[in-house]
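Colleague: Residue numbers (the working numbering): 25 to 156. Don't be surprised by glycine CBs; every beta carbon is placed ideally from N, CA and C. Got a structure for you, written out below as structure tokens; questions coming shortly.
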């Protein structure tokens with residue numbers, strides 16, 4: 025149980041880094057004219073790649089390494105689509121329905137990140153890194 029809690033805490037730290045990457049790329053994409061929805065798709069993919077690399081190297085460092093990195097990354101992205109649905113759904117609902125979030129989309133990124141975190145941890149731990 026302690027190992028799981030430690031992994032979850034590391035996952036949270038990595039998620040914080042992912043949030044910073046996600047928010048920064050989103051702001052950059054919006055500055056380039058992509059808009060808050062299309063920009064978020066790009067920012068999510070960049071953040072997901074960043075968090076995959078950090079989780080593989082740190083959070084789940086003791087996990088098995090029998091899969092090629094590209095296959096493991098693909099599994100990570102595919103399985104984390106469930107977390108992405110919660111993440112992006114929360115983000116989109118808040119941007120569309122809360123004027124403060126529409127004016128400051130990074131608030132929606134934060135809320136979406138929390139919404140997807142528990143789903144992503146469970147899926148990553150069990151099916152991507154084989155620590156379940």
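Between which two residues does the alpha helix (DSSP H) carrying residue 74 extend?
Modeller: Its alpha helix (DSSP H) spans residues 59 to 78.
Colleague: Using a Cβ-Cβ cutoff of less than 8 Å, which residues in the same chain neighbour residue 71 once the five nearest sequence positions on both sides are dropped?
Modeller: Closer than 8 Å at the Cβ level, and outside the excluded window around residue 71, lie 42, 43, 45, 46, 49.
Colleague: Which residue's Cα is closest to the Cα of residue 65: 136, 146, 79, 30?
Modeller: When only C-alpha atoms are compared, the closest one is 136.
Colleague: Hey, residue 144 and residue 106: beta-carbon distance below 9 Å or not?
Modeller: Against a cut-off of 9 Å, the Cβ pair of residue 106 and residue 144 comes out as a contact.
Colleague: Cutting at 7 Å between CB atoms, please list the residues of its own chain near residue 74, excluding the five before and the five after it.
Modeller: 41, 42, 45.
Colleague: Quick test of your reading: residue 34 and residue 83, contact by CB under 8 Å. State the CB separation rounded to the nearest angstrom.
Modeller: That pair is a contact at about 4 Å.
Colleague: From residue 96 to residue 69, what distance separates their C-alpha atoms?
Modeller: Residue 96 and residue 69: Cα-Cα distance of roughly 15 Å.
Colleague: Taking the alpha carbon of residue 102 as the reference point, which residue from 39, 152, 62 has its own alpha carbon closest?
Modeller: The candidate whose alpha carbon is nearest that of residue 102 is 152.
Colleague: Identify, in the order they occur along the chain, each residue of the same chain with its Cβ nearer than 7 Å to the Cβ of residue 122, setting aside the five sequence neighbours on each side.
Modeller: Once the five neighbours on either side are set aside, residue 122 has no close Cβ partner at all.
Colleague: Let me confirm a value: residue 118 is counted as buried when at least 16 other C-beta atoms fall within 10 Å, else exposed. Which label applies?
Modeller: Label assigned to residue 118: buried.
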